[in-house]
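Counted the way UniProt numbering counts, the sequence shown spans residues 1 to 486. Even glycine gets a Cβ: it sits at the ideal position worked out from N, Cα and C.
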Amino acid sequence: MTNSDPRPPEPHRIDASRVDARQVGARVIVVGAGIAGLACAFRLQQQGVEVLVLERDGPGRVGGRMAGEQRHGVMVDLGAPLLAARHHRMLRIIADAGLTHQVLAACDLVGVVDGDTIARSRTGTAPRLLTGGLLRTVPVRDRVTVLTDLARARHRMHSTRLHLTAGPAVETLTRYVHRKGLDPRTLDLLLDPLNCTLSLAEPEDGAAAGALLFLAFLMRSGGLFTSSIGSAFLPRGLARLLPVVHHAQVAQVTSTPAQAAVHWTDRDGGTHTDHAQAVVLAVPADRIPALYEQLDPQVGALLASTRYSRLIQVTFHLSGRTSERAVLLALPRRDSPEWTSAVLQHNLSPARVSDGKGLVTCYLRGAASDRQWDIDDMTIVGNILDRARRMRILPELQGATTVDVDRISPCVVTRGPHDLARISAAPKEPRFAHPVLPAGGDLYGYSTTIGSLKSGEQAAARTLALLGARVPDRRRTEIPWPITPS
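This is the structure:
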């Protein structure tokens with residue numbers, strides 16, 4: 001081939017068992033600085049790959065499902081605030097990024113409001129949850145039924161993909177309750193709060209698998225951890241180690257077998273076209289088909305059909321701690337049709353919110369968020385305060401010093417029975433025809449921090465294999481855990 005030959009060079013393939021990525025001299029562009037994109041870019045950079053991360057939002061929203069923003073002297077979580085100590089993959093990347101000193105063991109007490117009482121349980125292990133008050137709110141027979149179904153399904157429920165073709169996967173939560181003959185209290189006080197906490201979905205729409213998946217999280221988390229700035233410490237720590245361009249609007253990704261091109265616009269309106277040996281699309285699943293039109297039609301249709309909920313969250317800044325000691329408080333829909341749960345972030349760790357102050361974030365259900373999306377902030381706050389008074393919970397909210405209202409869209413993926421059926425029928429590893437790969441925990445599962453992180457690392461491994469570089473085996477890496485969760 002001469003220099004005048006217009007055809008692109010063939011991709012350079014090397015014996016992956018012997019060659020380090022530094023010898024390949026490859027460049028990879030990652031689109032999206034959520035936790036999936038950051039984890040992917042970090043693992044590639046560790047192996048000597050030149051990376052560039054393009055993110056459409058500003059630095060304050062880096063991290064996606066683990067984002068946080070500084071408000072009134074404290075970091076407010078805009079993503080998932082509960083991190084599981086059993087997620088060894090997350091602990092490894094924390095250690096590799098030099099962030100272990102920021103890790104704090106967290107309280108793992110959760111509760112559900114049951115009339116005039118609050119039923120509480122510690123979480124992290126099955127014995128803790130089974131002996132606590134949370135499951136005691138429902139009949140013994142129903143407990144046995146739900147736990148039996150969880151045991152049958154748990155080997156097919158993974159953080160990045162659900163392999164379910166029957167039972168809870170192919171029916172809504174209300175249909176599951178009806179078919180099993182469960183007591184209405186089991187739906188109100190256990191299954192609906194579990195499912196809504198994970199996906200913000202109504203029980204008439206969401207697959208019952210969501211409730212089982214979050215129950216498995218509570219039973220197997222090994223305890224919780226946090227940091228003084230909440231979950232945001234990990235994505236912010238990774239972003240500091242990577243070349244991230246913010247306010248970068250990616251318009252299109254194109255590719256040949258030899259390389260890919262990313263067409264994007266910077267914050268000043270300047271247009272760019274960057275080339276790389278591979279591109280990783282770490283953006284919400286429903287955005288991928290529009291960005292990359294060369295996607296396989298079957299995969300594109302599956303990703304385009306992904307539905308995301310919107311979320312309104314209201315954060316109350318308090319001058320003191322609450323009398324309630326749980327970190328997660330769930331509200332049954334029968335008593336609170338719009339406000340589904342609250343995370344008491346100051347209860348995670350004394351160092352999470354300093355000076356003895358309090359921080360409580362209240363979450364609306366997905367449907368309620370849609371209804372109130374265009375309502376003024378004061379009305380939304382007033383509705384929550386009125387509900388708290390009626391239910392006689394969290395009286396400290398009434399004296400909040402400051403209140404933040406955030407509208408987050410898209411927030412988390414909503415999975416109905418038909419969605420899970422399509423995922424189960426799709427190829428286990430959909431192959432892209434060109435060097436463009438997807439990353440994201442909600443591509444074929446639910447929106448979870450560990451699912452996103454795992455998907456990002458898997459995308460990094462597939463990219464290294466595509467480049468002909470050695471793929472490190474991290475399963476044997478020692479897990480440095482500096483604090484034993486309480």
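If you compare alpha carbons, which of 415, 346 and 88 is closest to residue 315? Minimum Cα distance to residue 315 is reached at 346.
Entirely within the segment 268-349 and at least 3 residues each: give me those beta strand (DSSP E) ranges in chain order. Correct list: 271-276, 278-281, 311-318, 328-330 and 339-344.
If you scan the segment 103-145 from start to end, which runs of the beta strand (DSSP E) of 3 or more residues do you find wholly inside it? For the segment 103-145, whole beta strand (DSSP E) runs of length 3 or above, ordered along the chain, are 104-106, 109-114 and 117-122.
Measure the Cβ-Cβ separation of residue 434 and residue 294 and say whether it is below 8 Å. Taking 8 Å as the cut-off, the beta carbon of residue 434 is found closer than this to the beta carbon of residue 294.
At which residues does the alpha helix (DSSP H) containing residue 88 begin and terminate? Its alpha helix (DSSP H) spans residues 88-96.
On the criterion of 16 or more Cβ atoms from any shown chain inside 10 Å, does residue 375 qualify as buried, or is it exposed? It is exposed - the Cβ of residue 375 has fewer than 16 other Cβ atoms within 10 Å.
So is residue 466 buried or exposed if we call it buried at 16+ other beta carbons inside 10 Å? Residue 466 is buried by the Cβ-count criterion.
DSSP-derived helix/strand/coil call for residue 438: Strand at residue 438.
Counting along the chain, where does the beta strand (DSSP E) carrying residue 358 start and finish? Taken as a continuous stretch (DSSP letters only), the beta strand (DSSP E) holding residue 358 covers 358-364.
Within 10 angstroms of its Cβ, does residue 204 collect 16 or more other Cβ (buried), or is it exposed? Residue 204 should be labelled exposed.
Which whole-angstrom value describes the C-beta separation of residue 54 and residue 262, a residue pair presumed to lie in contact below a C-beta threshold of 8 Å? That belief holds up - the Cβ atoms of residue 54 and residue 262 are roughly 7 Å apart, short of 8 Å.
Where residue 54 sits in the DSSP three-state scheme: Residue state, collapsed to three classes: strand.
Rounded C-alpha distance that separates residue 357 from residue 402: Just so you know, the alpha carbons of residue 357 and residue 402 end up roughly 12 Å apart.
Less than 7 Å between C-beta atoms, sequence neighbours within five positions excluded: which residues of the same chain meet that for residue 339? Excluding five sequence positions before and after residue 339, the CB atoms of its chain that fall closer than 7 Å to its own CB belong to 331, 362, 364, 384 and 387, given in chain order.
Would you kindly report the start and end of the unbroken alpha helix (DSSP H) that includes residue 80? From DSSP, residue 80 is part of no alpha helix (DSSP H); its letter is neither H nor E.
May I have a chain-ordered list of the alpha helix (DSSP H) segments no shorter than 4 residues that lie completely inside the segment 385-431? For the segment 385-431, the full-length alpha helix (DSSP H) segments reaching 4 residues or more read 417-425 along the chain.
Who does residue 29 pair with in a DSSP beta bridge? Residue 29 is bridged to 52 and 279.
Taking the alpha-carbon positions, what's the residue 188 to residue 197 distance? Cα to Cα, the separation comes out at about 13 Å.
If we cut at 8 Å on Cβ distances, does residue 447 have a partner in chain B? In the structure shown, chain B does not exist; there is a single protein chain.
So if DSSP puts residue 224 in a beta bridge, which residue, or which two residues, is it bridged to? Residue pairing for residue 224: DSSP places it in a beta bridge opposite 84 and 106.
Do you know offhand how far residue 74's Cα is from residue 233's? Distance between the alpha carbons of residue 74 and residue 233: 13 Å.
DSSP beta-bridge partners for residue 260? BP columns for residue 260 point to 255 and 276.
Would you mind sorting residue 284 into buried or exposed? The rule is 16 or more other CB atoms within 10 Å of its CB. Buried is the call here.
Quick check on the burial criterion: 16 or more other C-beta atoms within 10 angstroms. Buried or exposed for residue 106? Per the 10 Å Cβ criterion, buried.
Hey, how far is the Cα of residue 166 from the Cα of residue 149? Annotation note: pLDDT 49 at residue 166 (below 50); position unreliable, coordinate value reported separately. Rounded to whole angstroms, residue 166 to residue 149 spans 11 Å at the Cα level.
When the distance is taken between beta carbons, is residue 302 closer than 8 Å to residue 288? The answer is no: Cβ separation not under 8 Å.
Which of the three DSSP states is assigned to residue 444 in this structure? Strand.
Taking the straight line between their C-alpha atoms, what separation do you get for residue 366 and residue 193? Annotation: residue 366 to residue 193 spans about 13 Å, alpha carbon to alpha carbon.
With a threshold of 6 Å on Cβ separation, who are the neighbours of residue 154 within its own chain once the five nearest residues in sequence on each side are excluded? Once the five neighbours on either side are set aside, the close Cβ partners of residue 154 are 216.
What residue range does the alpha helix (DSSP H) around residue 71 cover? Residue 71 -> not in any alpha helix (DSSP H); beta strand (DSSP E) instead, spanning 68-71.
Close-in-space but distant-in-sequence residues of the same chain around residue 243 (CB under 6 Å, 5 per side omitted): Counting only Cβ-Cβ distances below 6 Å, and skipping sequence neighbours, we find 52.
Using 8 Å as the threshold, is the segment 177-188 in touch with the segment 78-88, meaning 3 or more CB pairs across them? Contact between the segment 177-188 and the segment 78-88 is absent: fewer than three C-beta pairs spanning the two stretches fall below 8 Å.
Taking just the CA atoms, how far does residue 81 sit from residue 34? In this model, residue 34 and residue 81 are separated by some 15 Å (Cα to Cα).
Note down, in chain order, each residue of its chain lying with its Cβ closer than 7 Å to the Cβ of residue 99, except the 5 sequence neighbours on either side. Excluding positions up to five away in sequence, the list reads 233, 234 and 237.
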